[in-house]
């Protein structure tokens, strides 16, 4: 029994053979009319392009089509151009089929199911691309799974429950330092993805001196970003301010609104909300010249070793998905509307803030991971070589192409 590949090959060769037959017959007809050849001479000509295709596919050899005399042709066929046009139309139609059919056959193949874990809003661009059919064009049926915490995301990846994960680099670096084989294959936000929000009377970084700043918890990414920003602004985070553990984003926003703290880092989607509350967006930390692997795409090193073509194909789809998100606000904004009561104008602001942060070429950098390593506490983590954590080979090729 023939395999699917062989059947496709046979079909394509048949199409090519038919095209050649029609072209060659058209040529003979044209030459017979042009030079008034003797019919027997025309019959004696053979088609060198066809060989034994009929024998290979039909179990028989083809015989040349019968020709009538040039006089009979003139009587029955009409003007030469009227006979050639239908033949040329057939040739063009078969050529189109020859190139179109393989494309349709490839895209008719079953989709590869794949699961990607993420935390909340870190996967907006992924879901918009899924909705837009980008991954299906690459042969993937992607299930986007929302998970509660970074630790759970990493655990689901290690356990093999998902093939890829959207997560911050901190738990990934910690896992690699402990001997777990994970690889960051993309960094789609390589800056601090925070804005510094303050009470209205605080307008510049120096106004933060002596104030209380909310953080989620000690050792968190937002604590590290707060400390780094304060140092960049000429303030000592241990002497010039007080850092208070408050909790996640909404808890910090409530603390600001209640004036229990004077400032806090929040994520960009809250910009419209905080401005509506009368709070001040003092600074956007993406403007700091600091590489920081804030949000990454991670997979297992064993998956890369065992099925590199699969990972390579997914990464090409991933790059196309990011490009789609960045260039199609008409697809992104309706998706954001599902999770917000904001107006379209406000959602446009949210989208543009997200868009400018997501890198069109999300190749991992050693600098972005090294910043993470420098924020960790144990000597074992601080001694980790960032090149052990990242794999740039997939996106280097995908972006180039």
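Numbering (the numbering used here), first residue to last: 103 to 503. A virtual CB, placed ideally from N, CA and C, is assigned to each residue, including glycine.
Buried or exposed (CB count within 10 angstroms, at least 16 for buried), residue i
{"i": "residue 350", "result": "exposed"}
{"i": "residue 464", "result": "buried"}
{"i": "residue 294", "result": "buried"}
{"i": "residue 455", "result": "buried"}
{"i": "residue 308", "result": "exposed"}
{"i": "residue 285", "result": "buried"}
{"i": "residue 329", "result": "buried"}
{"i": "residue 404", "result": "exposed"}
{"i": "residue 436", "result": "exposed"}
{"i": "residue 225", "result": "buried"}
{"i": "residue 326", "result": "buried"}
{"i": "residue 447", "result": "exposed"}
{"i": "residue 434", "result": "buried"}
{"i": "residue 407", "result": "exposed"}
{"i": "residue 261", "result": "exposed"}
Length of the line joining the Cα atoms of residue i and residue j
{"i": "residue 310", "j": "residue 302", "result": "12 Å"}
{"i": "residue 265", "j": "residue 218", "result": "6 Å"}
{"i": "residue 411", "j": "residue 399", "result": "17 Å"}
{"i": "residue 242", "j": "residue 291", "result": "24 Å"}
{"i": "residue 354", "j": "residue 378", "result": "16 Å"}
{"i": "residue 246", "j": "residue 384", "result": "34 Å"}
{"i": "residue 438", "j": "residue 420", "result": "20 Å"}
{"i": "residue 424", "j": "residue 460", "result": "8 Å"}
{"i": "residue 427", "j": "residue 452", "result": "13 Å"}
{"i": "residue 340", "j": "residue 444", "result": "38 Å"}
{"i": "residue 342", "j": "residue 315", "result": "11 Å"}
{"i": "residue 392", "j": "residue 418", "result": "27 Å"}
C-beta contact flag for residue i and residue j at 8 Å
{"i": "residue 73", "j": "residue 220", "result": "Because the chain in this structure spans residues 103 to 503, residue 73 falls outside the shown range and cannot be described."}
{"i": "residue 468", "j": "residue 489", "result": "yes"}
{"i": "residue 486", "j": "residue 275", "result": "yes"}
{"i": "residue 297", "j": "residue 371", "result": "no"}
{"i": "residue 216", "j": "residue 496", "result": "no"}
{"i": "residue 229", "j": "residue 300", "result": "no"}
{"i": "residue 382", "j": "residue 304", "result": "yes"}
{"i": "residue 248", "j": "residue 281", "result": "no"}
Residue from the options with nearest C-alpha to residue i
{"i": "residue 401", "options": "463, 317, 237 and 288", "result": "288"}
{"i": "residue 345", "options": "484, 356 and 318", "result": "318"}
{"i": "residue 471", "options": "239, 339 and 272", "result": "272"}
{"i": "residue 269", "options": "323, 438, 462 and 406", "result": "323"}
{"i": "residue 279", "options": "498, 479, 258 and 397", "result": "479"}
{"i": "residue 212", "options": "239, 227, 458 and 233", "result": "239"}
{"i": "residue 361", "options": "386, 335 and 313", "result": "313"}
{"i": "residue 321", "options": "476, 414, 376 and 492", "result": "476"}
{"i": "residue 79", "options": "335, 498, 373 and 281", "result": "Shown here, the chain extends from 103 to 503; a query on residue 79 therefore has no answer."}
{"i": "residue 387", "options": "366, 375 and 407", "result": "366"}
{"i": "residue 473", "options": "441, 396, 262 and 462", "result": "396"}
{"i": "residue 253", "options": "427, 236, 234 and 277", "result": "277"}
{"i": "residue 414", "options": "494, 339 and 257", "result": "494"}
{"i": "residue 234", "options": "444, 430, 457 and 466", "result": "430"}
Secondary structure of residue i, DSSP reduced to three states
{"i": "residue 405", "result": "helix"}
{"i": "residue 286", "result": "strand"}
{"i": "residue 455", "result": "helix"}
{"i": "residue 183", "result": "The predicted position of residue 183 is uncertain, since its pLDDT is 47 and thus under 50; no value can be drawn from it."}
{"i": "residue 215", "result": "strand"}
{"i": "residue 395", "result": "coil"}
{"i": "residue 463", "result": "coil"}
{"i": "residue 314", "result": "strand"}
{"i": "residue 248", "result": "strand"}
{"i": "residue 172", "result": "A caution first: residue 172 carries a pLDDT of 43, below 50, which makes its placement in the model unreliable, though a value can still be read off. Three-state DSSP puts residue 172 in a helix."}
{"i": "residue 564", "result": "This structure cannot settle anything about residue 564, because the visible part of the chain is limited to 103 through 503."}
{"i": "residue 429", "result": "helix"}
{"i": "residue 377", "result": "helix"}
{"i": "residue 149", "result": "Legend: pLDDT at residue 149 = 41, less than 50; position of this residue unreliable, value from coordinates given subsequently. Three-state result, residue 149: coil."}
{"i": "residue 232", "result": "helix"}
Cβ-heavy atom distance, residue i to the ligand SAH, below 7 Å
{"i": "residue 429", "result": "This structure does not include the ligand SAH; it has no bound ligands of any sort."}
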